[in-house]
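Asker: Counting from 1, position 32 in the sequence shown corresponds to residue 32 in full-length UniProt numbering; the numbering is continuous, with no gaps.
Positions of the beta carbon are idealized from the N, C-alpha and C atoms, including for glycine.
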Amino acid sequence: MIVKDAEFICSNTEIDKLPVANLPEYAFIGRSNVGKSSLINAMTGRKGLAKTSQKPGKTQLINHFLINKTWYLVDLPGYGFAQTSKKNRSTWEKFIRAYLINRVNLQCVFVLIDSRLEPQKIDLDFVCWLGEQGIPFQMIFTKADKQSGVKSDQNIAKFRRALKKWFEELPIHFLTSSETKLGCEQVLENIDAINQQ
Ligand code: GTP
Ligand code: MG
1 MIVKDAEFIC SNTEIDKLPV ANLPEYAFIG RSNVGKSSLI NAMTGRKGLA
51 KTSQKPGKTQ LINHFLINKT WYLVDLPGYG FAQTSKKNRS TWEKFIRAYL
101 INRVNLQCVF VLIDSRLEPQ KIDLDFVCWL GEQGIPFQMI FTKADKQSGV
151 KSDQNIAKFR RALKKWFEEL PIHFLTSSET KLGCEQVLEN IDAINQQ
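(1) So which of Trp71, Asp75, Leu124 and Arg116 has the shortest CA-CA distance to Leu100?
(2) Taking Ile62 as the reference, which of Pro19, Leu182 and Lys158 has the closest Cα?
(3) In angstroms with no decimal places, state the Cα-to-Cα distance between Leu23 and Tyr72.
(4) Helix, strand or coil: which one does DSSP assign to Ile172?
(5) Any idea which residues DSSP pairs Thr142 with across the strands?
(6) Please list the terminal residues of the continuous alpha helix (DSSP H) segment that includes Leu23.
(7) According to the Cβ coordinates, are Ile29 and Val109 closer than 9 Å?
(8) Would you call the CB atoms of Arg31 and Pro56 closer than 9 Å?
(9) Is there contact between the stretch 136-150 and the stretch 176-188, where contact requires at least three CB pairs shorter than 8 Å?
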């Protein structure tokens with residue numbers, strides 16, 4: 001898929017104020033700093049579209065981007081960000097979970113996972129929660145450029161193995177890098193395929 005058009009629509013903290021749910025929507029979620037905003041920029045070829053930072057906790061709102069005037073890409077705040085108050089964290093968690101459960105046009109949630117790390121409980125728990133809720137998801141392993149392909153593959157295999165306890169069948173996954181653009185085209189093609197269904 002060629003991204004001809006990528007437009008920032010709005011940032012939100014309230015479910016009622018989200019754009020009308022009349023187009024297919026895809027959300028990026030994952031731990032703070034995993035590379036959600038960077039991947040949105042890499043996939044759309046627009047460097048400053050989503051705000052990125054070396055410091056975790058950069059994205060604080062639900063951000064809607066309209067792609068090719070036909071579907072939404074959504075940048076979500078990261079989970080597991082320790083440097084915020086407990087109250088803040090739980091308010092956010094409730095909001096994000098409510099969004100994921102109730103958004104009727106949400107076609108697929110992309111869970112971003114750092115390909116450099118061994119399976120992390122927080123990611124496994126989140127994926128299991130999506131499964132329990134019956135929310136369609138796929139996994140994207142990020143920052144592939146930071147280590148060897150062998151190491152990424154090992155971590156991905158471990159992650160998938162750890163999930164086998166809970167899932168009869170696991171969805172497909174992608175390995176990406178926002179630096180080299182590895183995997184960006186595959187994620188876009190996959191979105192295109194879902195849009196055509
Ligand atoms: P929050 O908004 O805080 O939840 O973070 P985020 O998941 O949106 O991460 P963001 O895209 O802001 O990236 C965090 C840091 O990781 C930045 O310094 C990025 O430059 C870096 N980064 C993200 N993706 C990649 C990648 O594929 N390769 C490399 N080398 N660095 C990356
Ligand atoms: Mg971000």
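Answerer: Judging by the given coordinates:
(1) Here the question's residue 100 lines up with position 100 in the sequence shown. The residue from Trp71, Asp75, Leu124 and Arg116 with its alpha-carbon nearest to that of Leu100 is Asp75.
(2) If you number the sequence shown from 1, residue 62 lands on position 62. The option with the nearest alpha carbon to Ile62 is Pro19.
(3) Indexing the sequence shown from 1 puts residue 23 at position 23. Indexing the sequence shown from 1 puts residue 72 at position 72. Those two C-alpha atoms are separated by around 7 Å.
(4) Here residue 172 refers to the residue found at position 172 of the sequence shown. In the structure shown, Ile172 sits in coil (DSSP, three-state: anything other than H, G, I, E or B).
(5) Here residue 142 corresponds to residue number 142 of the sequence shown, with the count starting at 1. Paired residue(s): Asp114.
(6) For the purposes of this step, residue 23 is taken as the residue at position 23 of the sequence shown. That residue, Leu23, is in no alpha helix (DSSP H); it is neither H nor E in DSSP.
(7) Against the sequence shown, residue 29 aligns to sequence position 29. Against the sequence shown, residue 109 aligns to sequence position 109. Result yes, Cβ atoms of Ile29 and Val109 sit closer than 9 Å.
(8) Residue numbering aside, residue 31 sits at position 31 when the sequence shown is read from its first letter. Residue numbering aside, residue 56 sits at position 56 when the sequence shown is read from its first letter. Against a cut-off of 9 Å, the Cβ pair of Pro56 and Arg31 comes out as a contact.
(9) yes
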